[in-house]
Amino acid sequence: MTAFRGTIIITLKHIFVLAFCVGISATLANAIQWRDCGSEATIFNVFVSSCEDQSTCPMKKGSNVSLVVWFKPNKQITKATASMRGILAGVPFLFPLQNPDGCEDSGLKCPLVGYESYNYTNSVYMHENYPTIKLVVEWELTDQSGDVIWCIMFPAVIIN
């Protein structure tokens, strides 16, 4: 009876470890290949809802593309403004964000304390009339002085 109970405990431990690893893998499955483009904050991780560990992030027309950035600012932030640009052949053009106020409905509540960890969330609607193109997405958050808190870039393609 004791050997049987020990076997169950080992099996439950293995199941727990397996479930933990699957959870971590699922979380990282949507990790994207991003690049820092001038951040003052430390960026820990970036998640984009439509990316699944691909070199180019597909953004489907008629859907929302959500972004989460885990970061640590290097100073106090009293105001934050988000912007998203597409860059095509070196020419930037703005995408209208549903919520450009980085301190409201974004997971952040200003003021942000310097050297504490935060996660920022936002989304952009990919309109049906956008062209099907490859581009580089540049998404940034600026502070009350217009300084860049964080800036990330990643390759993307707008698809049907």
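With the sequence shown counted from 1, adding 1 to any position gets you the numbering used here. Ideal Cβ positions, reconstructed from N, Cα and C, are used throughout, including at glycine. Since the structure is predicted, the reported quantities are computational estimates derived from the model, not experimental observations.
Check the C-beta distance from residue i over to residue j and give it rounded, since I have them as a contact under 8 Å.
| i | j | result |
| --- | --- | --- |
| L136 | G87 | 4 Å |
| I44 | V70 | 6 Å |
| G115 | K76 | 4 Å |
| I160 | L89 | I160 to L89, Cβ: 15 Å. No contact. |
| C111 | G39 | Their Cβ separation, rounded to whole angstroms, is 21 Å, which puts C111 and G39 out of contact at 8 Å. |
| C1 | V49 | Because the chain spans 2 through 161 in this model, residue 1 falls outside it and cannot be assessed. |
Cα-Cα, which of the options is closest to residue i?
| i | options | result |
| --- | --- | --- |
| K61 | E105, V149, S124 and Y116 | S124 |
| G91 | D144, E139 and V149 | E139 |
| D144 | D37, I134 and L109 | L109 |
| T122 | F72, T57 and G63 | F72 |
| L98 | C111, H128, N120 and P112 | H128 |
| P132 | P112, V47, V149 and A157 | A157 |
| D102 | V49, I78 and S118 | I78 |
| S187 | F96, P112, Y126 and N130 | Only positions 2 to 161 of the chain appear in this structure, which leaves residue 187 out of reach. |
| S64 | I150, N130 and M154 | N130 |
| D1 | T57, A42, W151 and N120 | Lying outside 2 to 161, the shown extent of the chain, residue 1 is not represented and no answer is given. |
| V149 | F96, F155 and P74 | P74 |
| N100 | S84, C58 and E53 | S84 |
| S56 | R36, T82, N46 and S40 | R36 |
| F155 | C104, S51 and S146 | S51 |
| G1 | F96, T82, S118 and E53 | Here the chain comprises residues numbered 2 to 161, so residue 1 is not present and cannot be evaluated. |
Using DSSP's beta-bridge definition, name the partner residues of residue i.
| i | result |
| --- | --- |
| G87 | F94 and V138 |
| C58 | A157 |
| A81 | D144 |
| S64 | M127 |
How about residue i: is its C-beta nearer than 8 Å to some C-beta of chain B?
| i | result |
| --- | --- |
| Y121 | Looking for chain B here will not work: only one protein chain is present. |
Q. Enumerated in chain order, which unbroken segments of the beta strand (DSSP E) with a length of 3 residues or greater are wholly contained in the region 89-152?
A. Segments of the beta strand (DSSP E) lying fully in the region 89-152: 92-96, 119-127 and 135-144.
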